[in-house]
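**Q** With the numbering used here as the guide, the letters of the sequence shown map in order to residues -11 to 334. Note that beta-carbon positions come from the ideal geometry of N, C-alpha and C, so glycine has one too. Sharing a structure here in structure tokens format.
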Amino acid sequence: MKICLFGASGFIGSNLALRLSESGAHEVQLCDVEDAKLRLRFENAPFAYEKVDISKDTDRVDELVRNADLVFDLAAFVHPAMFMSKPLDVVKLNFFDCLNVIQSCVRHNKRLIHFSTSEVYGKTGGSDASFKENETDLILGPIENQRWIYSCAKQLLDRMIFAYGVEQGLNYTLVRPFNFVGPLMDKFAKNWDRSDNPRVFANFMSSLVYDRPLQLVDGGQSRRCFTYIDDAISALEAIVAHPNEMNRQIVNVGNPRNEATIADFAQLMADTYVKHFDPSARPVIKSVASSDFYGKGYEDCDRRMPDISKLTSIGWQPQFGLEETVMKSMQYFVQNKTRLVELLGE
């Protein structure tokens, strides 16, 4: 099968690209605005990469889609810090630019696997119920709480894709990731920068390596289900292998067994770092107000628990527990620090 990946040099894209290429079953075309993470993931192995900007190279995007059997759209801005500092850029890429890819899939009748986000579920209001793709209401905060602009843009594109399926027969699967962590998630951040702060795992990892306090936004009481990237990629392989069962479906990908508060996750990372990587380290964990960490307009959801019954119905189950997920993810960052900094910066 000929597969085209847009956003191939991101965290998920680079790990997915390696797995698909290693399988030997597919011809994989990798597209992004740069290839640093692909070079890290593939090391000295060859890979088919083309520099493509979906916001500008619309004719080439259309040609690549036309020549593919399956299209992955992984292009996105996904850092909460960016939702606050560059909201217009977030909407432009996550809705308008990605819409170009979707419309090419419609035009050429190509199967699409598009990455949505668990953020579309919005605020849970303290509910203990898991998020069901076809039942859970999508509830966002007020306009002035700008964190929700990402969720809103993603949700609107989800609705557009659904509408293209209804009106024009688009074959698609919408993937909603729940807190994937692992090799190449974001990068080391040597200096704290509100406008370009990485997501929670990379943020804590950077703090441990550079001897900064691990900062818990508003006490870190929000709960998340952390999913090791290898489990996530296996779920994507299962989706690819079941085109009929997964056609015109929204699919949560996550590990409900790996739920933890952000505070507990920070403590687990700190303990793991001292035990396995730097016995002399003395990590400090402290609470910080969201207004100081992100700026005005931030709001969080208290819990994200996925219902994964759609995936389990086709035989997929997550394999990596929380401690193993943390250990394997941290090990990659520690062992490859020099190379990561060389290609991704600090």
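Does the segment 206 to 216 come close enough to the segment 263 to 278 that 3 or more CB-CB pairs lie under 8 Å?
**A** Cβ pair count under 8 Å is three or more, so yes.
**Q** Give the range of the alpha helix (DSSP H) segment to which R99 is assigned.
**A** That residue, R99, is in no alpha helix (DSSP H); its beta strand (DSSP E) goes R99 to F103.
**Q** With burial defined as no fewer than 16 other Cβ atoms inside 10 Å of the residue's Cβ, what is the status of E123: buried or exposed?
**A** With fewer than 16 Cβ atoms within 10 Å of its Cβ, E123 is classed as exposed.
**Q** Could you tell me the boundaries of the beta strand (DSSP E) in which N240 lies?
**A** N240 -> beta strand (DSSP E) spans Q237 to V241.
**Q** Can you give the beta carbon distance from L26 to S2, rounded, assuming they're within the 8 Å contact cut?
**A** L26 to S2, Cβ: 5 Å. Contact.
**Q** Have a look at F265, L299, G283 and G285 and flag the residue whose alpha-carbon is nearest the alpha-carbon of F321.
**A** Comparing Cα positions, the closest option is F265.
**Q** Contact between the segment 86 to 105 and the segment 155 to 171: three or more CB pairs below 8 Å?
**A** In short, these stretches touch, since the Cβ pair count reaches three.
**Q** Taking the beta carbon of K263 as the centre, do at least 16 other beta carbons fall within 10 Å, making it buried, or is it exposed?
**A** Exposed, because fewer than 16 other Cβ atoms sit within 10 Å of the Cβ of K263.
**Q** Would the beta-carbon of R135 fall within 8 Å of that of G285?
**A** Contact: yes.
**Q** Check the DSSP bridge columns for A248 and list the partner residues they point to.
**A** Looking at the DSSP assignment, A248 forms a beta bridge with R212.
**Q** Contact defined as beta carbons within less than 8 Å: I believe T112 pairs with R327. What is the distance between those atoms, to the nearest angstrom?
**A** Between R327 and T112 the Cβ distance is about 39 Å, and since that is not below 8 Å, they are no contact.
**Q** Looking at the secondary structure, which residues open and close the alpha helix (DSSP H) in which H138 lies?
**A** The residue asked about is misnamed: residue 138 is Tyr in this sequence, not His. Residues W136 to Q156.
**Q** Counting C-beta neighbours from all protein chains within 10 Å, is the total for V59 16 or more, i.e. buried, or is it exposed?
**A** Result: buried.
**Q** What is the residue span of the alpha helix (DSSP H) that P68 lies within?
**A** Run containing P68: P68 to S73, per the alpha helix (DSSP H) assignment.
**Q** Inspect the beta-carbon positions of D57 and M(-11) and report whether they are closer than 8 Å.
**A** Contact flag set, yes.
**Q** Would you call the CB atoms of Y282 and R182 closer than 8 Å?
**A** Yes, they are a contact pair.
**Q** Report the CB separation of R245 from G309 in whole angstroms; it is logged as a contact under 8 Å.
**A** About 7 Å separates the two Cβ atoms, so the contact holds.
**Q** Can you tell me whether K325 is helix, strand or coil according to DSSP?
**A** K325: helix per DSSP, three-state reduction.
**Q** Just the Cα atoms here: how many angstroms apart are A33 and I(-9)?
**A** Taking the straight line joining both Cα atoms gives about 18 Å.
**Q** Which term fits L76, buried or exposed, when burial requires 16 or more other beta carbons within 10 angstroms of its beta carbon?
**A** Looking at its Cβ environment, which holds fewer than 16 other Cβ atoms inside 10 Å, L76 is exposed.
**Q** CB-CB under 7 Å to A254, same chain, minus the five flanking residues each way: which ones, in chain order?
**A** Excluding sequence neighbours, A254 sits near F192, L202, L204, G208 and I273.
**Q** In three-state terms, what does DSSP make of R292?
**A** Correct three-state label for R292: coil.
**Q** Sort E51, N324, R7 and V228 by Cα distance to L335 and report the nearest one.
**A** With the chain represented from -11 up to 334, any question about residue 335 goes unanswered, as that position is not in the structure.
**Q** Per DSSP, what kind of secondary structure is T112 in: helix, strand or coil?
**A** Three-state DSSP puts T112 in coil, outside helix and strand.
**Q** So F30 and L62 are in contact, right, with Cβ under 8 Å, and what is the actual spacing, rounded?
**A** 16 Å between Cβ atoms; not a contact.
**Q** For S11, count the other beta carbons within 10 Å of its own beta carbon; 16 or more makes it buried, fewer makes it exposed. Which is it?
**A** Exposed, because fewer than 16 other Cβ atoms sit within 10 Å of the Cβ of S11.
**Q** Please state the DSSP three-state secondary structure of Y160.
**A** Here Y160 sits in strand by DSSP.
**Q** Do you know offhand how far S222's Cα is from T313's?
**A** Computed Cα separation, rounded: 15 Å.
**Q** How would you call S297, buried or exposed, if buried means at least 16 neighbouring beta carbons within 10 angstroms?
**A** Its Cβ having fewer than 16 others within 10 Å, S297 is exposed.
**Q** Could you please give me the residues that DSSP links to I127 through a beta bridge?
**A** Beta-bridge pairing links I127 to G110.
**Q** Near I217, what residues of its chain come up, given a Cβ to Cβ distance below 6 Å and the 5 sequence neighbours on each side ignored?
**A** Closer than 6 Å at Cβ, skipping near neighbours: N3, F168 and G170.
**Q** Short of 7 Å in beta carbon distance, which residues of its chain neighbour N88, apart from the five on each side in sequence? Order them along the chain.
**A** Contacts found: I42, T46 and V49.
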